[in-house]
Structures are given as C-alpha cells and as structure tokens.
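For any residue, its number in the numbering used here is found by taking its place in the sequence shown, counting from 1, and adding 27. Even glycine gets a Cβ: it sits at the ideal position worked out from N, Cα and C.
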Amino acid sequence: MTITAHDLAHLRRCVELAREALAAGDEPFGSMLVAADGTVLFEDRNRVKDGDATQHPEFAISRWAAGHLSPEERAAATVYTSGEHCPMCAASHGWVGLGRIVYATSTHQLSTWLREWGVPAAPVAALPIGDIIPGALTEGPVDDLAAEVQTLYRTCFAQRPSTSP
Ligand code: ZN
C-alpha cells in the first residue's frame with residue numbers, strides 16, 4: 028500500500044492537531060483513528076503539560092478503540108499520526124490489535140533533530156514501531172510534511188530540556 032490523497036488529508040489534520048497542542052502548551056503531536064470505510068472515529072492531541080507524560084494521542088486512540096470497536100473493526104482501522112508512535116504507544120496499538128499506521132515524520136527523524144538541537148535524551152528509547160509490533164503495517168515518513176512538522180518540534184523542543192515524543 029502507498030500513501031493516497033485520503034491518507035495525506037488525514038495526516039494534514041494530524042499536523043493541525045499537533046499545532047493546536049503546541050499552542051495550548053503541550054507537545055506538538057496529533058493523531059486520528061479512521062475506520063475501514065473512511066469514517067473518522069476519534070482524534071486527539073498530546074496533553075502532557077499538566078505532568079502526565081503518558082498523555083499521548085496514540086495511547087488515547089488505543090484505549091478508545093478497546094472500548095468502542097470490535098477486534099475486527101480495530102484490525103481494519105487506520106491510525107494516522109503526525110509523529111511515529113513511541114514504544115509505549117506502539118505497544119498499546121499492538122495490544123488492542125489496531126491495523127495500519129501512517130505517520131508524517133519518523134522516530135528516527137525526530138531523534139536526529141533532537142540530537143542536532145542538543146536536547147537531552149528522552150527517558151524512553153527511540154525505537155521504531157517495527158521493533159515493538161512485529162509485522163506492523165506502517166507507512167511513512169512523508170517528505171511533503173517533514174519541514175512543517177520539524178518547525179513545530181523545533182519550536183517546542185529546541186527551547187527546553189525535555190522530550191516525550
Ligand atoms: Zn507515545
């Protein structure tokens with residue numbers, strides 16, 4: 028499978044959610060869950076500013092899916108996200124049996140940028156989804172969105188010494 032125009036539209040919405048998160052004082056990550064028929068089921072953004080570093084949108088999607096979708100519906104759904112899942116979120120995705128993942132920027136890109144900006148290492152290893160979910164169907168990164176997402180990351184992380192991608 029490749030990135031379609033529908034995929035790109037959903038990813039652009041994720042980047043918009045990431046922008047909303049940054050404007051609210053949270054970290055710039057946004058994600059959405061889309062059913063097999065194209066219906067947008069759930070969307071969220073990062074909400075870590077009040078001190079709970081596990082408030083990632085991909086984790087929220089996994090919990091929502093577990094409570095609202097059958098195993099078949101979860102497997103057929105697609106998760107779109109502005110930044111590739113961290114290991115916590117990838118594990119939650121795998122445990123609840125969600126399907127395809129499409130991300131705008133990769134964990135490798137984020138790690139590289141954070142190093143370039145001198146940001147101290149995060150407390151969780153920057154592993155790709157495939158290291159956490161064997162056989163995961165993933166697409167990304169998407170070059171057309173890299174510069175925009177990188178700018179959001181730089182605004183957030185290059186100015187302060189903490190990260191939770
Ligand atoms: Zn995460």
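The beta carbon of I156 lies closer than 7 Å to those of E111, H112, A117, I128, A163 and T165 in the same chain, with the five residues before and after it left out. Note on G145: under 16 other CB atoms within 10 angstroms of its CB, so exposed under the neighbour-count rule. Annotation: L60 is outside any alpha helix (DSSP H); the continuous beta strand (DSSP E) that includes it extends over G57 to V61.
For L137, same chain residues with a beta-carbon under 8 Å away, outside a window of 5 residues either side, are G110, E111, A153, Y180 and P192 in chain order.
At least one heavy atom of ligand 1 lies less than 6 Å from the C-beta of H83.
Between E143 and the set V123, A185 and A149, the nearest pair of CA atoms involves A185. Cβ-Cβ distances below 8 Å link T29 to E166 in the same chain, with the five nearest sequence neighbours on each side left out; the list follows chain order. Residue nearest to G121 within the set T66, I159 and A51 is I159 (criterion: CA-CA distance). Taking C-beta separations shorter than 6 Å and ignoring five residues to either side along the sequence, the partners of Y107 in its chain run H37, L38, C41, M59 and V129, following chain order.
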